Each structure stands twice: as structure tokens, then as C-alpha cells.
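A.B. asks: For what it's worth, the working numbering labels the leading residue of the sequence shown as 44, then goes sequentially.
The beta carbon of each residue, even a glycine, is placed where N, CA and C say it ideally should be.
Quick caveat: nothing in here was measured; it's all calculated off a predicted structure.
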Amino acid sequence: MFERLEAQGKIDSSSDYKWDDGSEHDDVTKIYVSFGKECIRNIRFDYIKSGQPKYGSFHGPTFQGLLQTFEIDHKKDEQLVSVEGYCKPGSDLIQGVQFKTNLRISEIIGFEKAIFGNPTTFSLAEDGKKIIGFHGYSMANLNSLGAYFTWISPTKMEAKGGKGGTEWNDGAEHEGFTKIYVQGGCDGIQYIKFDYVKDGQHKYGSPHGVKGSESTEPFEINHLDKEYLISVEGYYDEGDSGVIQGIQFKTNIKTSELIGDKKGRKFSLAANGKKIIGFHGYADKNLNSLGAYFTTSPLISLEHTTGSDLVNHIWDDGSFEGVRKVYVRYDSLEICYVEFDYDNKGKVEKREHGMFYSWVQQGEFVVDYPNEFITSVEGTMRTESFMQVASLTFKTSKGRTSSTFGSPSDSKFLLESKGCGVVGFYGRCFSSIFDLGAYFRPLPPPSNTEKVEAKGGDGGASWDDGGFDGIRNIYIGHNKMGIAFVKFLYDKDSQIVVGDDHGSNTLLRVDEFELEHPGEYLISVEGSYDVVDGSESEVIRMLRFKTNLRTSQLFGHETTPSFILEKECHKIVGFHGKIGKMLHQIGVNVLPITD
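#1: Going by DSSP, what residues sit across from D70 in a beta bridge?
#2: According to DSSP, L656 sits in a beta bridge with which residue or residues?
#3: Using only CA atoms, which one of Q538, K118, N186 lies nearest to G513?
#4: From this set, G307, N632, K297, Y278, which residue's C-alpha is nearest E611's C-alpha?
#5: How should T112 be labelled, buried or exposed, when 16 other C-beta atoms within 10 angstroms of its C-beta is the threshold for buried?
#6: Hey, I681 and I302 are a contact pair by Cβ (cut 8 angstroms); roughly how many whole angstroms apart?
#7: Of all the beta strand (DSSP E) runs that stay within the bounds of the segment 192-277, which reach a length of 3 or more residues?
#8: DSSP on K523, reduced to helix/strand/coil?
#9: The beta strand (DSSP E) with P635 in it runs from where to where?
#10: Does the CB of K80 have a neighbour CB from chain B at under 7 angstroms?
#11: Mark G255 as exposed unless 16 or more other C-beta atoms lie within 10 angstroms of its C-beta, in which case mark it buried.
#12: Could you give the residue range of the beta strand (DSSP E) that holds V574?
#13: Pairing CB atoms from the segment 437-449 with CB atoms from the segment 324-335, are three or more of them under 8 angstroms?
#14: Taking 6 angstroms as the cut-off, is the C-beta of I195 nearer than that to any heavy atom in the ligand NAP?
#15: Distance check for V541 and D534, CA to CA, integer angstroms please.
#16: Shortest alpha-carbon distance to K199 belongs to which of N186, A215, A190?
#17: Which same chain residues end up closer than 7 angstroms to V575 when comparing Cβ atoms and leaving out the 5 residues on each side of it in sequence?
#18: Quick one: grab the DSSP three-state call for H613.
#19: Could you please give the first and the last residue of the uninterrupted beta strand (DSSP E) stretch that includes E300?
#20: Give the secondary structure of K80 by DSSP, where H, G and I count as helix, E and B as strand, and everything else as coil.
#21: By the three-class DSSP mapping on this structure, what secondary structure does H102 have?
#22: May I ask you to report which of helix, strand or coil DSSP gives K118?
#23: In the DSSP assignment, the beta strand (DSSP E) including M430 goes from what residue to what residue?
#24: On a Cα-Cα basis, can you pick out the residue from G108, T144, L136 that is closest to S125?
#25: For H356, does the three-state DSSP call read helix, strand or coil?
#26: Report the rounded CA-to-CA distance for H600 versus I517, giving the unit in angstroms.
#27: Determine the extent of the beta strand (DSSP E) in which R471 is found, giving its start and end residues.
#28: Just to check my reading of the structure: T418 and G464 have Cβ atoms closer than 8 angstroms, yes? What is that Cβ distance to the nearest angstrom?
#29: Output needed for G546: all residues of its chain with C-beta closer than 7 angstroms, excluding positions within five of it in sequence on either side, in chain order.
#30: Going by C-alpha distance, which of K203, E459, A504, K368 is nearest Y482?
#31: Which residues in the same chain as S446 place their Cβ atom closer than 8 angstroms to its Cβ, once the five residues preceding and following it in sequence are excluded?
#32: Specify the secondary structure class of D384 as computed by DSSP and reduced to three states.
#33: Three-state secondary structure (DSSP) at K368?
#34: Taking the alpha-carbon positions, what's the S454 to D478 distance?
#35: Need the endpoints of the beta strand (DSSP E) that V582 sits in, please.
#36: If you check the beta carbons only, do V391 and R372 fall under 7 angstroms apart?
This is how it looks when you write it as C-alpha cells:
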């Protein structure tokens, strides 16, 4: 099911110059924009249709002008969600366009708004939906642009709670919520009801459970103020009743009180970087279980700009899972260079901007991702002649503050969004940093996992799979030097989560240790590490795993164990470490055993 937004710009009833790419696509993959004297001349879109690439054609005259492209990586679950554009006052020609995905925002393609004073602007956007096609009107230039939208495919998280009751499902075709009604009783939560926003209109939900005689104060969510639901925590009785005992809701702005009792087994409905758009579950006389539908949460973009005209020196890192490390080079006047290590699903991706002068001062700030996020960036600017960033200071979700890099001035700026963490940066630079902006997403709910310090040498790059519900499979690759490759299959909400490859399994023997899920769980890891020929720092030579039922075979070389990773009354639910050509360090993430 698709929705058509009419073309914005010059509207002409003539069909001779109308074009329509149609709506039968899965996603947009690449956009080409050619622009010349004060306007966009032509535009082209490439798509994915039924899993196969579909190459579009240019709309507008063939023109050898400036061509800019914007690529959208559908393999990273990136989707085009909106387009903004503007026309010169009194003109019917589109002067500039800007594209926004669920992960990042393009630079302005065409001409800067400031050139035209107060331009006529337009926007193509539908909350909770993505663009799958375009249509418009092109004569000698691009005169108008419209789009087709469809719902972004949600992620369904299974219902948490006890067994029993009748299944109910509110569905996922909503933009958000307005009110949540919950009523408790002697046996637990009796009744729950959700009021939604769909296609911009209030939608009253159906009640689930049996409502008592007492009045219910709703938990209100102000979707008009861009407030949305990001997580639910609760408790349910594991005994015969199987009823949810207590429940609490969290938005990107506030947290409700706990409704009901804090007793029974704790559960959580949350997904990093996503918001809740619908619920499902089971209910009878009480609420037995609750599950949720998730979609990507809006990307928040904040920036400090000097109005610099360095159009050719714009940079945009896009958004990632989080920031692991920040490097800064600076002198007494300005920030010359910044470098960011981002986490891309467990792998480090590095981005560099500015001039790398070897003779200036340097500093770095390490973030304990995924347990810690940068939450704000404080900066100052030089105000004389060229306006460059003079200093930077970073703060995190753990309350830590970095050193101040550079020499602060009196002209201050702040990049911060309440309840959110930085997931990417963008800006302008040349010989120094002129403008800086950041992408934010809501902070994930605090993890209940605890990190046990990694053991081994200091070589290689850091990785961290995070924490899950348990381990299903372990894959170990080793050679003459020791362990060179590890990979783990995890369990989360009774679903298999495939961990990233750490190291290279090329031309290696890879052995497997499979746990008998769900009754078997990992409680300790023992291993050894040492310096070997061809390695500058210690490498992991041997690993062996112990569960509540048995001990695995030895992986690697027969040596005396030099470390054990474990915590009493806890089970291992994730791994972290350092990897290069060999595995240099390994550590674990643990949860209390509750079974």
C-alpha cells in the first residue's frame, strides 16, 4: 500500500513534460542531480525492485553542468524518508534540494538558500514512511517534484510474560502514541489500552484485559512535540498466573512511574536506535504478555555554523551505532584536525577531517562504547577574521568530561539533545575546522550486563559484541601462533543473533562448540596468552569454555591456563576484546543467573 504526495513546485496540466517513475519499488538507492545557472536542470533516481537494481533515466534536458550524487545503502537498512527543496522568490524553478534518510542527511545540492533571501520552500515527508518512487514535471529545468511513500517495515519483538490468554494485535501501521492507559489489580495488570497516531490523526485503540471500576490516569505522549516511545520495562509472574505484575514506559523525553508491582521476572522491550509504533500480546482477565513493533527512530541533527562559503569542503560521516574514540589536533588558535572512531555493528570505522599537522598539540578521548555514549559537545569559536572552531570538550552518558582540546574563547556553542547520544558528526573544514554538527539518537536503556575485563596483550583494534540473553554457538579459528578468529551466535528474545567475524577465517581451521540451548549456558572461559615470533604483543594461545553442564575441547595450543573469565552466580552473554592478525585480548559480558 502506497501513498502519493503531489508534486511541489510549478504545477502544469500539460502531460508532455510530466514524468512518473512509479511506486513499485522496494527502495531508492542512488540520486543524481545536475544543476547549472541558479537552478536544478535534471534529476535521476536508481531503485531496488524485487531485490534487483533498477536504473532510472534523467528527467529534464541533457545538461553538462555540475553533477552531484547521493547514495543510499539499503544493505545497511538505510531508507530515504524525506526531501526538502526551495525555489527562488517569484520563480517556478527548483533551486536546491536536500535528502534525508533514517541514518543521515545529504548536503544541500544546488544553491545555498542564503543566495536567494527568503526562498519558497517545500517538503516531501510522511511520518513513519519511506520514499519508494518519484514523479514530477521537467521542461527546460526541474520544475516540480513529488514522491510515493510506503510504511517502513517494522521489527516485531515477541511478547514477554506468562502463558495463557487470548492473542491480540494492534498492528504496526502507526506513527506514534498519544496516550497509554494501564490499570492494576490484586493479581497484576488487569487492563491496557493504547491510543495511536495514524496518518496524522488520533486513533483510539482497543482495550486488552478487563477494566475495573476505578478511573485510570493515562500516560500522555506529546507526538506534536516529537516525543515518541522508546522502551518498556516490566515484571511478570513465572508461576501459575503468568500475569504481568508491573510496567513502566520510557519516551525520548520522560519516563512514567512504575504501574503495578516490582515483583517476578523482569523483562524489557527495547531496541537501540528504534522507537515503538505498535503493541501485541495476550490477555484474558488480566494482561498476560506484551510485545512490540519497532521502527527506526528519527535522526536528530544539531549544528553550529559560521555561514562559511566552503561548499567544496563539506563533510558528513553519516550515523553509526556510536562513537568509540575522538582524536583532536590543535594549536593556540584553532582546531586543525578531528578524527572519529565509530562503531558499525561491532567494527571500527575511522573518519578524518582537516589538516594533520605533526607539530601541533594532540589529544584523544576514549568512550566505553557500548556502555557509554557522547551526549554533548561544547565548543568555542574564534571571532576575528575567519571564524574557526577554537576548542572542543566532550561529555558522556556516564558523567565523564574530556579534557578541553584547544584554547577556549568567549564565543560558545553547544551540541546536545536531552536523552540522546551522538552517533555521527558532520561539518566544514579546510586547513582547520569551520563548522561542526552532530547526529543524535535516543540513548538505549541501561544494560543489565556487567563487563568482565579482557585479558591478553595490547595489540589490535577493540571490538565489543555487547550483551544478549545467552550463547548458542562458538566458532574458533587458530593457526601455529594461536587464536586468529572468533565468532559467536547469540540468543536474544529466542531469536538467533549472528555476531560479527573478529579476525580472518581465510585458510584457517575453524572449530565449533555448540551449546544445547536453552538449558545450557556458558559460565566461564579459561585461556592463555604469550608473545610469539612474528607478533609485537601478546596473543591468545588457547581457549576453553565451561558451561553449567560440561567443558569444551581445547582450542589452540596445549598450554597452562593463565586467566579465567567468570563471575560467581553469573552467566556469559557476550564477548569483547582486541583483534589484529591474531586475537590479542578477550573479555566477557555477564548477567546474573535467574533460571
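C.D. replies: Once the coordinates are examined:
#1: Start at 1 with the first residue of the sequence shown, and residue 70 comes out as number 27. In DSSP, D70 forms a bridge with I91.
#2: Nothing about residue 656 can be read from this structure; the chain reaches only from 44 to 638.
#3: For the purposes of this step, residue 513 is taken as the residue at position 470 of the sequence shown. It is Q538.
#4: Here the question's residue 611 lines up with position 568 in the sequence shown. The option with the nearest alpha carbon to E611 is N632.
#5: Counted from its first residue, the sequence shown places residue 112 at position 69. By the 10 Å Cβ count, T112 comes out exposed.
#6: Look at the range of the chain in this structure, 44 to 638, and you will see that residue 681 is not part of it.
#7: 198-204, 209-212, 219-228, 231-241, 244-246
#8: Stepping through the sequence shown from its first residue, residue 523 is reached at position 480. Residue state, collapsed to three classes: coil.
#9: Counted from its first residue, the sequence shown places residue 635 at position 592. For P635, the uninterrupted beta strand (DSSP E) segment begins and ends at 626-635.
#10: This model lacks chain B altogether; it includes just one protein chain.
#11: The residue you call residue 255 lines up with position 212 of the sequence shown. Under this definition G255 is an exposed residue.
#12: The residue you call residue 574 lines up with position 531 of the sequence shown. No residue range can be given for V574, since it is assigned to no beta strand (DSSP E) and is classified by DSSP as neither H nor E.
#13: no
#14: Judged by which ligands are present, the structure shown has none, so any question about the ligand NAP falls away.
#15: Here residue 534 refers to the residue found at position 491 of the sequence shown. Here residue 541 refers to the residue found at position 498 of the sequence shown. In a straight line, the C-alpha of D534 is about 9 angstroms away from that of V541.
#16: In the sequence shown, residue 199 corresponds to position 156, counting from 1. For K199, the nearest C-alpha among the options comes from A215.
#17: Against the sequence shown, residue 575 aligns to sequence position 532. M524, G525, V582, listed in sequence order.
#18: In the sequence shown, the residue the question calls residue 613 occupies position 570. In the structure shown, H613 sits in a strand (DSSP, three-state: E or B).
#19: As a working note, residue 300 is residue 257 in the sequence shown. Unbroken run through E300: none, as it is neither H nor E.
#20: In the sequence shown, counting from the first residue as 1, residue 80 sits at position 37. The answer is coil: DSSP assigns K80 none of H, G, I, E or B.
#21: Here the question's residue 102 lines up with position 59 in the sequence shown. Reduced to three states, the DSSP call for H102 is strand.
#22: Indexing the sequence shown from 1 puts residue 118 at position 75. Helix at K118.
#23: The residue labelled residue 430 in the question sits at position 387 within the sequence shown. Unbroken run through M430: none, as it is neither H nor E.
#24: Residue mapping note: residue 125 aligns to position 82 of the sequence shown, counting from 1. Among G108, T144, L136, the Cα nearest to that of S125 is on T144.
#25: The sequence position of residue 356 within the sequence shown is 313, counting from 1. Helix.
#26: The residue given as residue 600 occupies position 557 in the sequence shown. The residue given as residue 517 occupies position 474 in the sequence shown. When rounded, the distance between both Cα atoms is 17 angstroms.
#27: Taking the first residue of the sequence shown as position 1, residue 471 is located at position 428. Counting along the chain, the beta strand (DSSP E) containing R471 begins and ends at 463-472.
#28: Within the sequence shown, numbered from 1, the residue matching residue 418 stands at position 375. Within the sequence shown, numbered from 1, the residue matching residue 464 stands at position 421. Their Cβ separation, rounded to whole angstroms, is 6 angstroms, which keeps T418 and G464 in contact under 8 angstroms.
#29: Start at 1 with the first residue of the sequence shown, and residue 546 comes out as number 503. If we look at G546 and ignore the five residues flanking it on each side, its Cβ neighbours are G520, A527, F528, V529, I622, L626.
#30: One-based indexing of the sequence shown puts residue 482 at position 439. Measuring from the Cα of Y482, the nearest candidate turns out to be E459.
#31: Position 403 of the sequence shown, counted from the first residue, corresponds to residue 446. Only G406, F408, T436 meet the Cβ criterion.
#32: As a first step, residue 384 must be located in the sequence shown, where it is residue number 341. Strand at D384.
#33: Within the sequence shown, numbered from 1, the residue matching residue 368 stands at position 325. If DSSP states are grouped into helix, strand and coil, K368 belongs with the strands.
#34: Counted from its first residue, the sequence shown places residue 454 at position 411. Counted from its first residue, the sequence shown places residue 478 at position 435. Taking the straight line joining both Cα atoms gives about 13 angstroms.
#35: The residue given as residue 582 occupies position 539 in the sequence shown. Per DSSP, V582 belongs to the beta strand (DSSP E) from 582-590.
#36: Here residue 391 corresponds to residue number 348 of the sequence shown, with the count starting at 1. Here residue 372 corresponds to residue number 329 of the sequence shown, with the count starting at 1. No. Outside cutoff.
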